[in-house]
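Chains A and B are the protein sequences, given in the same order.
Using this note's numbering, you'd call the opening residue of the first sequence number 190 and step up by one each time.
Using this note's numbering, you'd call the opening residue of the second sequence number 190 and step up by one each time.
All C-beta atoms, glycine included, are put in the ideal place defined by N, C-alpha and C.
One structure below.
There are 2 protein chains.
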Amino acid sequence: MRLLNQVNQPSDLRNLSMEELNELAQEIREVLLQKLSKHGGHFGPNLGMVEATIAMHYVFNSPVDKIVFDVSHQSYAHKILTGRREAFIEEEKYDDVTGYSNPDESEHDFFKIGHTSTSISLASGLAKARDLKEENYNVIAVIGDGSLSGGEALEGLDFAGEQDTNLIIVVNDNQMSIAENHGGLYKNLKQLRESNGTCKCNLFQAMGLDYVYQNEGNNIEKLIETFEKVKDMDHPIVVHINTQKGKGYQLAEENKENWHFCAPFELATGKPIKAVAGENYAVLTRDYLLEKMKHDPKVVAVLAATPKTLAFTEEKRKLAGKQLVDVGIAEEHAVALVSGIAKNGGKPIFATSSSFIQRTYDQLSQDLCINQNPATILVGSASVYGWNDVTHLGIFDIPMISNIPNMVYLAPTSKEEYFAMLDWSIEQKEHPVAIRIPANGVVSDERKVDTDYGCLNRYKVEEKGSKVAILALGHFYQLGEKVKKELEHQLGICATLINPRYITGLDTELLEDLKANHEIVITLEDGILEGGFGEKVATFYGDSRMLVKNYGIRKSFPDRYVVEELLKENRITKEQIVEDIEKLCKC
Amino acid sequence: MRLLNQVNQPSDLRNLSMEELNELAQEIREVLLQKLSKHGGHFGPNLGMVEATIAMHYVFNSPVDKIVFDVSHQSYAHKILTGRREAFIEEEKYDDVTGYSNPDESEHDFFKIGHTSTSISLASGLAKARDLKEENYNVIAVIGDGSLSGGEALEGLDFAGEQDTNLIIVVNDNQMSIAENHGGLYKNLKQLRESNGTCKCNLFQAMGLDYVYQNEGNNIEKLIETFEKVKDMDHPIVVHINTQKGKGYQLAEENKENWHFCAPFELATGKPIKAVAGENYAVLTRDYLLEKMKHDPKVVAVLAATPKTLAFTEEKRKLAGKQLVDVGIAEEHAVALVSGIAKNGGKPIFATSSSFIQRTYDQLSQDLCINQNPATILVGSASVYGWNDVTHLGIFDIPMISNIPNMVYLAPTSKEEYFAMLDWSIEQKEHPVAIRIPANGVVSDERKVDTDYGCLNRYKVEEKGSKVAILALGHFYQLGEKVKKELEHQLGICATLINPRYITGLDTELLEDLKANHEIVITLEDGILEGGFGEKVATFYGDSRMLVKNYGIRKSFPDRYVVEELLKENRITKEQIVEDIEKLCKC
Chain A
190 MRLLNQVNQP SDLRNLSMEE LNELAQEIRE VLLQKLSKHG GHFGPNLGMV
240 EATIAMHYVF NSPVDKIVFD VSHQSYAHKI LTGRREAFIE EEKYDDVTGY
290 SNPDESEHDF FKIGHTSTSI SLASGLAKAR DLKEENYNVI AVIGDGSLSG
340 GEALEGLDFA GEQDTNLIIV VNDNQMSIAE NHGGLYKNLK QLRESNGTCK
390 CNLFQAMGLD YVYQNEGNNI EKLIETFEKV KDMDHPIVVH INTQKGKGYQ
440 LAEENKENWH FCAPFELATG KPIKAVAGEN YAVLTRDYLL EKMKHDPKVV
490 AVLAATPKTL AFTEEKRKLA GKQLVDVGIA EEHAVALVSG IAKNGGKPIF
540 ATSSSFIQRT YDQLSQDLCI NQNPATILVG SASVYGWNDV THLGIFDIPM
590 ISNIPNMVYL APTSKEEYFA MLDWSIEQKE HPVAIRIPAN GVVSDERKVD
640 TDYGCLNRYK VEEKGSKVAI LALGHFYQLG EKVKKELEHQ LGICATLINP
690 RYITGLDTEL LEDLKANHEI VITLEDGILE GGFGEKVATF YGDSRMLVKN
740 YGIRKSFPDR YVVEELLKEN RITKEQIVED IEKLCKC
Chain B
190 MRLLNQVNQP SDLRNLSMEE LNELAQEIRE VLLQKLSKHG GHFGPNLGMV
240 EATIAMHYVF NSPVDKIVFD VSHQSYAHKI LTGRREAFIE EEKYDDVTGY
290 SNPDESEHDF FKIGHTSTSI SLASGLAKAR DLKEENYNVI AVIGDGSLSG
340 GEALEGLDFA GEQDTNLIIV VNDNQMSIAE NHGGLYKNLK QLRESNGTCK
390 CNLFQAMGLD YVYQNEGNNI EKLIETFEKV KDMDHPIVVH INTQKGKGYQ
440 LAEENKENWH FCAPFELATG KPIKAVAGEN YAVLTRDYLL EKMKHDPKVV
490 AVLAATPKTL AFTEEKRKLA GKQLVDVGIA EEHAVALVSG IAKNGGKPIF
540 ATSSSFIQRT YDQLSQDLCI NQNPATILVG SASVYGWNDV THLGIFDIPM
590 ISNIPNMVYL APTSKEEYFA MLDWSIEQKE HPVAIRIPAN GVVSDERKVD
640 TDYGCLNRYK VEEKGSKVAI LALGHFYQLG EKVKKELEHQ LGICATLINP
690 RYITGLDTEL LEDLKANHEI VITLEDGILE GGFGEKVATF YGDSRMLVKN
740 YGIRKSFPDR YVVEELLKEN RITKEQIVED IEKLCKC
């Protein structure tokens, strides 16, 4: 790490010769390989951007010049060059930095970013403020080709194309989204690459932008030349660079999709250190859908650039053929698309994560729910047990989805119930349905499940008791079981255990009946409390003497939390809940 | 109406000669002018699309061939030609049809649509289902140039560009959004128009689409020729037609912005029949901002193609200069943009309506609130008193916005409080702030208002009482005043009247204190109950003996409702509320 140790800030790069810069790139790549193999993280995007990051920091004067990384999952080299190299070199410091850009860490970072397609708009904002203040410097957005298909990015490009001020948009074209790209614009990127940027039909120019192409996106010298040319430009320009995703690690170069993100692995062989064992809903759902597709040509799965959400590997995608649609990073389009498919008699299933479904509020409301088309939305990683980066939390989907009229949002409590709900949803013709995929492992139990969920908002009393009723939503059902046991054990209370099943409505009849021999109702949900399920139950009982206690996460943006700690802070452990109930009993 | 009376369904058009088709266009235009002048509605878009609608219905075989209108505010001629002409001719039937496409009215309509930029995605869905079912017909999306800047439309174009199936995208280019277009792509549309579609740099081709241009977009014969050419095509194609917005009414041809939408007016002079009198928040806010801009170059207003939201006429836009940014129809971009501006020391204010802010959930959450940048969002028409079309309801913003962490959503109760909050918001540096513009007229009263709202979630006790506390949110404060009076009058109860001010948090101290001498708390909010403000209060008191009753609209998509009826159905009249409280007193 001879050279790396000399770079404490980006300006130190200017003391190095070209040869040394190239050597530095190798050092950075080595550091990345070491950390990624031990720690896991975004692999391909970071290995591909080493040279471009060095070149940008060589040419531009960060943090006066401001670089905004899209998704920011390719910002590791940037972090290394901006004073944070120890977090990549020293194993005990690995977690001192997040996996995304983070202004709390460094003045060289401007936003906490994790979702795609935002960089051009955010950078446009920095540039606009610069101009209002009559300051002078470069603002640079770095965006991958995969992110370009997202509506926000395209809106940003279009906006930038009308401005008459400095804005440099580096399009890092590695010819990949997470999987292969989808969308017509990628044909144009290909034409541009193949014509060395000279093709007359040019998406960026059609958006009103100036344009320059650099074919050797992993060549520091060429990149420096190119960036020097656009530096201090008085109008927006796209710098289209052709990079190699996963560069420097053969397995990643050969299989870009598998190496977009990695868990800890053996550097020599590429084999994951911990094998993932047991069933998971992605594979189960995929196999169920493939079987369903065989018998019904109207069944179609829709994904938005994350085929792994449903374990659709390349091989399985081929198997599904026309009955699988990857729309690219375009969640808004995906929701409108499935609404249209459902309207015309198809049976569409759009699967995404809780964090990414956030991109579709208006489409869920307008395109889908007002029209009441029977599409199915599968919501994954919707849990405190999901991703724990602040930018990818899965705890907001209940407030976001469940308050939209006409939507039926289901919360299965077991494998059997999940598939029963999914099958019902695909076959019914009345409702837009979302299903919250359980996130506490694949739990299979003996409870009988219904096959028809068309009679909305009927909760299921799984175990009858008295005094205390536990409404345990979705995969918090198992927590409800534990609370029930603990109540029996500690307080001698035989509680009623209820599986609400429907997030989107109250079983007012059942809730009314509970008044007869219950004094306390508790609700358990895996997500934020505010705007969620439990609050509705509290409102229902507001004008009665029933005591209600809602359990969920307090509205917040926790970052890289430890699940058990977060639950404890929010009093969502069986011990704390029983303690609370004991107190309530004395009210 | 000689010819119009012969057209009961689109196929009847094929019995008419070209001359008769042209005469028919004049008849339709006459009908539109009559209805619009008496009833109001979207003016320019409909007058411009008469010929294209006739030509489409002449060439295509609706409803087997399926036409999806973007926004669908240009679908009046379509309605006239598809069996609904009486609703345009007979005054007493004017309201038999909605102002947008509506499958409940006709098999020729496929979606209830009102937001922009959705047609390509929805049509893609119809086409995909058609292909899965192995059926054969044309699917046509009709989208205006203004709608093209919206992310969902661009995602849709990009998706379509990869498909290998029939999809016809008619781009109705009238060189206008609601006001002038904004965005770089409009330079390309201009180049295309000026080169008669031959310009090599072509946005649509860059998106992977086939393309054809028709310069005479108000010439039925030419349009028929063009549509005949693309009919039954086996791949997606853009048909770019150049139309004249407001065609056939001179005033509208001359001032397209003012005639996008019209209230009832005098046909001879164009003068509105009812003059709008008194103060309104659009004008007041604009004047306040213009004054502010004069003294602080960092203040910048951002609008998304709806300058009238803040009464920014062309003249006033010029006055604001660089301190006003119209991003075009691109709300997602707008939110990220203001986040960037705020991050870099600017003072941005983005103003839009409750219905359109829905398009930005993820940007509010990710781009803005995670980053805690001090941008201001003004939310207008957020009320049952706002637009009452199902596609433009203003009753969902509280659940959507207020459950996002870090957001401070304020609900002013008077003109003085609104401007105090706005001023505080613009100058503070800590929080993303949204302000719900009062929607019950401009109410000015004697109450003192604070200037600093930085100490979050402190509710204001406006009138101290006991037994019953009324939490009257935002512009329902005046309803709270009425309820208080009525309670005093009818039940002799001197209630406490509270102005919560903060939608996004509970004043737990105050709520706790109320327990001392109050038995009943009611909450009043102008929006849906589910996920809203009142539920949080109910949850707070859930484990106590306080009785809570929440007033708001039950989750639903009411369409063209009468406000007083909707309020009554939801028991939100002072009489009903007092009746409920009387019952609760006996609990």
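When the distance is taken between beta carbons, is residue j closer than 8 Å to residue i?
{"i": "D399(A)", "j": "H424(A)", "result": "yes"}
{"i": "V638(B)", "j": "A609(B)", "result": "yes"}
{"i": "G373(A)", "j": "A349(B)", "result": "yes"}
{"i": "L756(B)", "j": "V632(B)", "result": "no"}
{"i": "T580(B)", "j": "G229(B)", "result": "no"}
{"i": "N739(A)", "j": "L718(A)", "result": "yes"}
{"i": "A395(A)", "j": "A395(B)", "result": "yes"}
{"i": "V260(A)", "j": "F300(A)", "result": "no"}
Is there a C-beta anywhere in chain A that falls below 8 Å from the one on residue i?
{"i": "T307(B)", "result": "yes"}
{"i": "T502(B)", "result": "no"}
{"i": "I692(B)", "result": "no"}
{"i": "E480(B)", "result": "no"}
{"i": "R319(B)", "result": "yes"}
{"i": "I426(B)", "result": "no"}
{"i": "T580(B)", "result": "yes"}
{"i": "I530(B)", "result": "yes"}
Using C-beta distances below 7 Å, list every residue in its chain close to residue i, excluding the 5 sequence neighbours before and after it, in chain order.
{"i": "A214(B)", "result": "V239, E240, I243 and I409"}
Pick helix, strand or coil for residue i, following the three-state DSSP scheme.
{"i": "S542(A)", "result": "strand"}
{"i": "Q403(A)", "result": "strand"}
{"i": "L513(A)", "result": "strand"}
{"i": "T549(B)", "result": "helix"}
{"i": "D748(A)", "result": "coil"}
{"i": "K322(B)", "result": "coil"}
{"i": "R625(A)", "result": "strand"}
{"i": "L660(A)", "result": "strand"}
{"i": "Y265(A)", "result": "helix"}
{"i": "V737(B)", "result": "strand"}
What are the residues that DSSP puts in a beta bridge with residue i?
{"i": "C451(B)", "result": "G230(B)"}
{"i": "G569(B)", "result": "S542(B)"}
{"i": "A705(B)", "result": "Answer is none; A705(B) lacks a bridge partner."}
{"i": "V489(B)", "result": "P537(B)"}
{"i": "A368(B)", "result": "Answer by DSSP bridge pairing: none, since A368(B) is not bridged."}
From the beta carbon of residue i, is the nearest beta carbon of chain B less than 8 Å away?
{"i": "T697(A)", "result": "no"}
{"i": "R548(A)", "result": "yes"}
{"i": "L567(A)", "result": "no"}
{"i": "M396(A)", "result": "yes"}
{"i": "D347(A)", "result": "yes"}
{"i": "T728(A)", "result": "yes"}
{"i": "P556(A)", "result": "The residue you asked about is not Pro; residue 556(A) is Asp in the sequence shown. Cβ-Cβ to chain B under 8 Å: yes for D556(A)."}
Among the residues of its own chain, which have a CB less than 6 Å from the CB of residue i, if the five just before and after it don't count?
{"i": "E208(A)", "result": "none"}
{"i": "S554(B)", "result": "I593"}
{"i": "F249(A)", "result": "N327"}
{"i": "E652(B)", "result": "L686"}
{"i": "K763(B)", "result": "K671, V672 and E675"}
{"i": "R506(A)", "result": "L513"}
Which same chain residues, not among the five before or five after residue i, have their C-beta less than 8 Å away from its C-beta?
{"i": "H707(B)", "result": "S655, K656, V657, A658, T685 and M735"}
{"i": "L508(B)", "result": "L479"}
Which chain C residues sit within Cβ distance under 8 Å of residue i?
{"i": "H231(B)", "result": "The structure shown contains no chain C; its protein chains are A and B."}
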